[in-house]
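Participant: These protein sequence lines map, in sequence, to chains A and B.
Just so you know, my numbering puts 363 at position 14 of the first sequence, and the rest follows in order with no gaps.
Just so you know, my numbering puts 440 at position 58 of the second sequence, and the rest follows in order with no gaps.
Positions of the beta carbon are idealized from the N, C-alpha and C atoms, including for glycine.
The structure follows.
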Amino acid sequence: DTEVTQTPKHLVMGMTNKKSLKCEQHMGHRAMYWYKQKAKKPPELMFVYSYEKLSINESVPSRFSPECPNSSLLNLHLHALQPEDSALYLCASSQVSSSGNTIYFGEGSWLTVV
Amino acid sequence: GESVGLHLPTLSVQEGDNSIINCAYSNSASDYFIWYKQESGKGPQFIIDIRSNMDKRQGQRVTVLLNKTVKHLSLQIAATQPGDSAVYFCAENPTGGYNKLIFGAGTRLAVHP
Numbered sequence: 350d351t352e353v354t355q356t357p358k359h360l361v362m363g364m365t366n367k368k369s370l371k372c373e374q375h376m377g378h379r380a381m382y383w384y385k386q387k388a389k390k391p392p393e394l395m396f397v398y399s400y401e402k403l404s405i406n407e408s409v410p411s412r413f414s415p416e417c418p419n420s421s422l423l424n425l426h427l428h429a430l431q432p433e434d435s436a437l438y439l440c441a442s443s444q445v446s447s448s449g450n451t452i453y454f455g456e457g458s459w460l461t462v463v
Numbered sequence: 383g384e385s386v387g388l389h390l391p392t393l394s395v396q397e398g399d400n401s402i403i404n405c406a407y408s409n410s411a412s413d414y415f416i417w418y419k420q421e422s423g424k425g426p427q428f429i430i431d432i433r434s435n436m437d438k439r440q441g442q443r444v445t446v447l448l449n450k451t452v453k454h455l456s457l458q459i460a461a462t463q464p465g466d467s468a469v470y471f472c473a474e475n476p477t478g479g480y481n482k483l484i485f486g487a488g489t490r491l492a493v494h495p
């Protein structure tokens with residue numbers, strides 16, 4: 350079982366709504382990530398936080414706004430989304446180092462924009 | 383056998399056979415590689431990893447082989463079981479990429495009784 354917990358599991362929102370996806374981990378990891386996955390496609394990196402600071406933004410539109418309130422929590426605030434933003438949003442976490450570390454994923458939040 | 387679907391290559395095997403899933407990675411400077419298993423409706427699950435200073439690593443029923451010369455990675459699953467049916471992704475971490483995993487396209491493994 351994953352130790353990265355995401356809520357909600359399913360979210361349906363209108364294009365004018367404001368909603369948030371939440372992620373929590375208690376593995377002591379100091380790097381946290383948001384990935385987006387469309388059907389039958391691999392996950393694509395959106396954001397990386399390291400020590401609660403945003404370190405990578407993969408040119409994600411501003412209608413997606415990440416937030417890392419503390420070392421265990423990661424949020425993704427959603428506003429004025431488009432139907433094409435419908436996807437599985439995956440949160441992940443890992444240790445921080447200059448070389449690769451295993452990245453552990455949550456089960457994801459299924460987002461449908463109507 | 384192997385077939386290429388509209389979006390995802392599929393490998394079909396009989397239960398009990400060995401499976402080999404292949405992956406070509408893009409960056410010759412990548413120094414860390416991971417295989418993930420993703421079941422329908424779930425997030426990717428870590429299977430096994432390997433660093434670029436190794437050619438082979440074994441886990442429980444799984445083996446990963448790395449050929450840096452041709453930038454090729456493979457995942458071998460011994461005695462494949464129905465529970466192994468899933469989509470398998472390889473992922474590479476470019477050197478200095480600061481945990482910036484880049485995923486391959488994925489391969490669907492279908493295990494038939």
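Give the secondary structure of A/Glu416 by DSSP, where H, G and I count as helix, E and B as strand, and everything else as coil.
Facilitator: If you number the first sequence from 1, residue 416 of chain A lands on position 67. A/Glu416 falls in the strand class under three-state DSSP.
Participant: Measure the beta-carbon distance from B/Ala473 to B/Leu483 and round it to whole angstroms, keeping in mind my assumption that it falls under 8 Å.
Facilitator: Position 91 of the second sequence holds residue 473 of chain B. Position 101 of the second sequence holds residue 483 of chain B. With 8 Å as the limit, B/Ala473 and B/Leu483 qualify as a contact, their Cβ atoms being about 4 Å apart.
Participant: So which of B/Val493, B/Ser434, B/Asp466 and B/Val452 has the shortest CA-CA distance to B/Asn475?
Facilitator: The count along the second sequence starts at 1 and reaches residue 475 of chain B at position 93. When only C-alpha atoms are compared, the closest one is B/Ser434.
Participant: One question on the structure: do A/Tyr438 and A/Ser458 come within less than 7 Å of each other, judged by their Cβ atoms?
Facilitator: Taking the first residue of the first sequence as position 1, residue 438 of chain A is located at position 89. Taking the first residue of the first sequence as position 1, residue 458 of chain A is located at position 109. Cβ distance < 7 Å, so A/Tyr438 and A/Ser458 count as in contact.
Participant: Taking the beta strand (DSSP E) that A/Lys402 belongs to, which residues open and close that run?
Facilitator: Walking along the first sequence from the start, residue 402 of chain A turns up at place 53. Segment Lys402 to Asn406, the beta strand (DSSP E) holding A/Lys402.
Participant: Tell me which same chain residues have a C-beta within less than 6 Å of the C-beta of B/Asn400, skipping the five on either side of it?
Facilitator: The sequence position of residue 400 of chain B within the second sequence is 18, counting from 1. Excluding positions up to five away in sequence, the list reads Ala460.
Participant: Quick check: the segment 420-434 of chain A against the segment 353-373 of chain A, are there 3 or more CB pairs under 8 Å?
Facilitator: Contact between the segment 420-434 of chain A and the segment 353-373 of chain A is present, because at least three Cβ pairs lie under 8 Å.
Participant: Along chain B, which residues have their Cβ under 7 Å away from the Cβ of A/Thr451?
Facilitator: Locating residue 451 of chain A in the first sequence gives position 102, where the first residue counts as 1. Here the neighbours are Ile416, Phe428 and Asp431.
Participant: Rounded to the nearest angstrom, what separates A/Tyr382 and A/Val462 at their Cα positions?
Facilitator: As a working note, residue 382 of chain A is residue 33 in the first sequence. As a working note, residue 462 of chain A is residue 113 in the first sequence. In a straight line, the C-alpha of A/Tyr382 is about 22 Å away from that of A/Val462.
Participant: Between the segment 410-420 of chain B and the segment 429-447 of chain B, do three or more beta carbon pairs fall short of 8 Å?
Facilitator: They touch, by the three-pair rule.
Participant: Quick check on DSSP: helix, strand or coil for B/Asp399?
Facilitator: Counting from 1 along the second sequence, the entry for residue 399 of chain B is found at position 17. Coil.
Participant: Report the neighbours of B/Gly398 on chain A: residues whose CB is nearer than 9 Å to its CB, in chain order.
Facilitator: In the second sequence, counting from the first residue as 1, residue 398 of chain B sits at position 16. Under the 9 Å cutoff, chain A gives no residues; its nearest Cβ is about 27 Å from B/Gly398.
Participant: Beta-carbon of B/Lys424 versus every beta-carbon of chain A: anything under 7 Å?
Facilitator: As a first step, residue 424 of chain B is located in the second sequence; it is residue number 42 there, counting from the start. So, interface residue.
Participant: Just curious, the beta strand (DSSP E) that A/His354 is in, first and last residue?
Facilitator: As a position in the first sequence, residue 354 of chain A is number 5, starting the count at 1. Residue identity check: residue 354 of chain A is Thr in the sequence provided, not His. Run containing A/Thr354: Val353 to Thr356, per the beta strand (DSSP E) assignment.
Participant: Hey, B/Phe428 and A/Thr356: beta-carbon distance below 7 Å or not?
Facilitator: Looking up residue 428 of chain B in the second sequence gives position 46. Looking up residue 356 of chain A in the first sequence gives position 7. Result no, Cβ atoms of B/Phe428 and A/Thr356 do not sit closer than 7 Å.
Participant: Could you name the residues of the segment 448-468 of chain B whose beta carbon sits closer than 7 Å to any beta carbon of chain A, in the order they occur along the chain?
Facilitator: So nothing in the stretch comes that close.
Participant: Are the CB atoms of B/Lys424 and A/Glu407 within a distance shorter than 7 Å?
Facilitator: Looking up residue 407 of chain A in the first sequence gives position 58. Looking up residue 424 of chain B in the second sequence gives position 42. Taking 7 Å as the Cβ cut-off, A/Glu407 and B/Lys424 do not qualify as a contacting pair.
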